[in-house]
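What follows is one structure encoded as structure tokens, with my remarks underneath.
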């Protein structure tokens, strides 16, 4: 018998409404493989409010409560309080929200949930724009990317600002566990989900989830691009347990061009643009490595 | 047992007697004393509930919604800007058919900043699918909250509700409030055990996407539930009266309306003042009455039309205004009365906005205005504007 490296359990059924090559679909699948049964999902407005399908069908095996766009943090708090008072302690509560629902409109309620130590896992599946509404810029869209609201045009107005650093925002809340994962690394993804499950309090998982229609790449390239994001150090995989940093995938440090040139949303980039991005990525990688060298103990 | 309590503390005691289980809280004047009192109850171990110190009223209602889906009895309290911030989730709560009960201390909206009573905050939420009951005094606040849990959790209702009290006039004024034995409340209001609550064994999706071929039916069912609530409110009150000896007239209550030539329609704390004025005018031989609107949603159209059927003139005291049109109770009453034979002339009196006192003298002038009858066909008057006649008619043939 060949040994599977991933749990066999499937919490997502085939035949859902996800686009071909959807990274977010894989993110949910790996999440549920890592958590197993006894899960309640809270999902705000996002692609995953549509992917499970129309009433009365669902492609998700756990129970799901849909919640308003900006309320995931508050929803998981309400779920936990109600389960507590009803004496149910063996359910894992998961907020599963996109980058807009997390880094923009939902940041307040997430911050509240983190500050209060709400006992739940919060997954931000990051496709780097408002993809469910059709590729509008979010604060998690990377610098210089095309979206329908950063269309370039005659004035060259692509996204001007840096991607919001959600990992650092969440780490600053001194939560017990924060981890970045990529759908290109399922074993790492699932191990981190399982680690998150072992912790108490608010745990945060930042899941890079390529979006073929939004990133303008072929649906067969999702995994390749999800891997290149890590190999180029654009999206490093690391975790912070009680303040202790670990970089879990060192990556080869490939040129960022390898990642950028495979996506239509970056097709307008000049060589100077790419050099500028390379400098920023190198600097951020150095900062992360230095931080990881210093933050070697569990301090809270 | 009687306690001397503010409206806010009466609300907090009612929540404790109702054994609410999950209470997300956020402060806002003049509601804050409710959530402070509930926090003290829990801190002193006399009340077993989970308080969640959320970071906004929006999150308070969101947390109520998710907790209610799990089958917990939930409560929160708010006022004014806080209620408006909740707007999106008020519609969510009724759409999800959750029996959340909330105390709402009616307060003016900014700008300009004003923390005193005014009904615009409540009226602006009339289309959210919430049952809205106005309270006249602190005992009614206490009793209404307990009755609302009973009502909202009925299978044929399953809607959220707000018990509304006027800022400061009730929220911060001390009155004697009768407290029943806990066992009697428990007998009246058993613990919440919904048929459908989130569980692992039968995974369900709560609030998924429906297409145009299904959406209308969900809305229709909310209206059916609201209509059931209109029937159940008087029934529950009858039951409550048998057990506790108090009642408040169901949806509407007429006071000396039977033979009245002139009836004033009011809600909230102004009703008490109006009762006093009616008594003194009756002593002078004037046939006047007051009709208290307890339920604004469901709107008691038929009860109201029946009550005012024999009057020559009806005044409506509106503590809010829909700009460009008129007061909300006035508009709805006139709509209800339209086309009924012999329906009286109805005039709107906009009064007491932003906490301006509605004194007996003011109400006396309104009754006199109604008794005299206007030669001109004015339908709306602003009452007590500085530098204007006490009753300033607008619109009509002015």
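Protein chains in written order, with the numbering used here: chain A, 1 to 300; chain B, 1001 to 1398.
Glycine included, every Cβ here is placed at the ideal spot set by N, Cα and C.
In this text the structure is predicted, and so the values were computed from the model without any measurement.
Using a beta-carbon distance below 7 Å, is residue 1039/B in contact with chain A?
-> For residue 1039/B, no Cβ of chain A is located within less than 7 Å of the residue's own Cβ.
For residue 1149/B, decide whether its Cβ has a neighbour in chain A, counting only Cβ atoms nearer than 7 Å.
-> no
For residue 93/A, which residues of its own chain have a beta-carbon under 6 Å away from its beta-carbon, when the five flanking residues on both sides are left out?
-> 40, 76, 79, 80, 120
Kindly list, in the order they appear in chain A, the residues whose Cβ is closer than 8 Å to that of residue 1206/B.
-> Residues of chain A passing the Cβ test: 63, 64, 65, 66.
Just checking, does the segment 1140 to 1158 of chain B make contact with the segment 1262 to 1280 of chain B on the three C-beta pairs under 8 Å criterion?
-> Verdict: no, contact absent.
Compare the Cα-Cα distances from residue 1272/B to each of 1012/B, 1243/B, 1317/B and report the closest residue.
-> Among 1012/B, 1243/B, 1317/B, the Cα nearest to that of residue 1272/B is on 1317/B.
Contact with chain B by residue 54/A, beta-carbon distance below 7 Å | yes
Distance, Cα to Cα, residue 86/A vs residue 1344/B?
-> 54 Å
Under a three-way DSSP split, which group does residue 1132/B fall into?
-> strand
With respect to the beta strand (DSSP E) encompassing residue 1075/B, which residues constitute its N-terminal and C-terminal limits?
-> 1075 to 1078
Counterpart residues of residue 1255/B in DSSP-defined beta bridges = 1290/B
Residue span of the beta strand (DSSP E) that contains residue 126/A, given as start and end | 120 to 126
May I ask you to list, following chain order, the residues of the segment 69 to 81 of chain A that have a beta carbon less than 8 Å from some beta carbon of chain B?
-> The segment 69 to 81 of chain A vs chain B, Cβ under 8 Å: 70, 71, 73, 74, 75, 76, 77, 78, 79, 81.
For the candidate residues 238/A, 262/A, 90/A, whose alpha-carbon lies nearest to that of residue 289/A?
-> 238/A
Short Cβ contact (7 Å threshold) for residue 1177/B with residue 1337/B = no
Inside the segment 45 to 107 of chain A only - alpha helix (DSSP H) runs reaching at least 4 residues = Counting only runs of 4+ residues, the alpha helix (DSSP H) found wholly inside the segment 45 to 107 of chain A occupies 72 to 85, in chain order.
Counting contacts by CB-CB distance shorter than 7 Å, is residue 1397/B in contact with chain A?
-> Because the pLDDT of residue 1397/B is 49, which lies under 50, any placement of that residue in the model is unreliable, and the number read from its coordinates should be weighed accordingly. False, the Cβ-Cβ gap to chain A never drops below 7 Å.
From residue 1069/B to residue 1361/B, what does the alpha carbon distance come to, in whole angstroms?
-> 49 Å
Examine chain C for any beta-carbon lying closer than 7 Å to the beta-carbon of residue 1055/B, and answer yes or no.
-> Absent from the structure: chain C. Protein chains present are A and B.
Should residue 1020/B be labelled buried (16 or more other beta-carbon atoms within 10 Å of its own) or exposed?
-> buried
Beta strand (DSSP E) segments (min. 3 residues) lying fully within the segment 1213 to 1278 of chain B | 1252 to 1255, 1262 to 1266
Got a sec? Which residues, its chain only, sit under 6 Å from residue 1050/B by beta carbon, not counting five neighbours each side?
-> 1022
Name the DSSP bridge partner or partners of residue 147/A?
-> 150/A
Tell me, to the nearest whole angstrom, how far the beta carbon of residue 206/A is from that of residue 131/A; I am working on the premise that it is less than 8 Å.
-> Not a contact, Cβ separation roughly 16 Å.
Would DSSP call residue 208/A helix, strand or coil?
-> It is a strand residue.
Any idea what DSSP makes of residue 1158/B, helix, strand or coil?
-> coil
Can you pull the chain B residues whose beta carbon is under 8 Å from the beta carbon of residue 84/A, in chain order?
-> Contact note: residue 84/A reaches chain B through 1050, using a C-beta cutoff of 8 Å and chain order.
Short-range partners of chain A found in the segment 1206 to 1234 of chain B, where Cβ spacing is below 8 Å | 1206, 1207, 1208, 1209, 1210, 1211, 1214
Please look up how many angstroms separate the CB atoms of residue 141/A and residue 128/A, rounded, as I've assumed it's under 8 Å.
-> 5 Å
Assign residue 1323/B to one of two classes, buried (16 or more other C-beta atoms within 10 Å of its C-beta) or exposed (fewer than that).
-> With fewer than 16 Cβ atoms within 10 Å of its Cβ, residue 1323/B is classed as exposed.
Straight-line gap, residue 245/A to residue 1111/B (C-alpha atoms, nearest Å) = 48 Å
Residue range of the alpha helix (DSSP H) that residue 1046/B falls in?
-> Boundaries cannot be given for residue 1046/B, as no alpha helix (DSSP H) includes it and DSSP labels it neither H nor E.
Report the three-state DSSP secondary structure of residue 1015/B (helix, strand or coil).
-> helix
Identify, in the order they occur along the chain, each residue of the same chain with its Cβ nearer than 7 Å to the Cβ of residue 1327/B, setting aside the five sequence neighbours on each side.
-> 1316, 1318, 1320, 1321, 1348, 1350
Is the Cβ of residue 1025/B closer than 7 Å to any Cβ of chain A?
-> no
Alpha carbon of residue 1265/B to alpha carbon of residue 1130/B, nearest angstrom | 22 Å
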